[in-house]
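Q: Residue numbers (my numbering): 7 to 148.
Got a structure for you, questions after.
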Ligand SMILES: [Zn+2]
């Protein structure tokens, strides 16, 4: 039986395979890769069981810096690198306990709303999705 994702609400939990496909696309085509930092943070914020509480808050802060404070690409790249390099952080980002940090399973947009037929549509939709996620994530008190 197919069920919707308990975290982002995507039909038949198609969010995970879509995320994996998009990462491949972003790593193989730089025009798609331009929004990689948004794809990862938006997806992770919607799937909080992969994160610690501190990790979720950190991701939300990063998304705000990307979208609202409009940080330059060099800054974004450095942040992305620091996210991967756990030796530089004082806290753990990812969690393996499978428990969601936030209690939310309905969102205005999910990764399934992102069109991928060309890079322009893709970047536009990933940005819209990330903005919707930030707006809703900022309503959540944790
Ligand atoms: Zn999902």
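Don't be surprised by glycine CBs; every beta carbon is placed ideally from N, CA and C.
A quick note: this is a predicted structure, and the numbers were derived from the prediction, not measured.
Once you ignore the five residues that flank residue 148 on each side, which residues in its own chain have a CB closer than 8 Å to its CB?
A: 59, 62, 63, 107 and 108.
Q: Taking only three categories from DSSP, how would you classify residue 105?
A: Reduced to three states, the DSSP call for residue 105 is coil.
Q: Ligand 1 and residue 17: does any heavy atom of the ligand fall closer than 7 Å to the residue's C-beta?
A: Not so, every heavy atom of ligand 1 lies at least 7 Å from the Cβ.
Q: If you measure from the CB of residue 145, is any heavy atom of ligand 1 nearer than 7 Å?
A: Checking the Cβ of residue 145 against ligand 1 gives no.
Q: When you compare the stretch 68 to 81 with the stretch 20 to 29, are there three or more beta-carbon pairs, one atom per stretch, that lie closer than 8 Å?
A: The stretch 68 to 81 vs the stretch 20 to 29: no contact.
Q: Is it true that the CB of residue 136 sits closer than 8 Å to the CB of residue 44?
A: The answer is yes: Cβ separation under 8 Å.
Q: Ligand 1 heavy atoms versus the CB of residue 52: any closer than 7 Å?
A: Residue 52: yes, Cβ under 7 Å from ligand 1.
Q: Kindly list the residues whose CB is nearer than 6 Å to the CB of residue 134, restricted to its own chain and excluding five residues on each side of it in sequence; keep chain order.
A: Once the five neighbours on either side are set aside, residue 134 has no close Cβ partner at all.
Q: Thinking C-alpha only, which one of 15, 41, 9 and 112 is nearest residue 142?
A: Of the candidates 15, 41, 9 and 112, the one whose C-alpha sits nearest the C-alpha of residue 142 is 112.
Q: So, residue 52 versus residue 139, is the Cβ gap smaller than 8 Å?
A: The answer is yes: Cβ separation under 8 Å.
Q: Quick check for students: name the residue ranges of the alpha helix (DSSP H) that lie wholly in the stretch 31 to 78, counting only runs of 4 or more.
A: 36 to 39, 42 to 52 and 59 to 73, all fully within the stretch 31 to 78.
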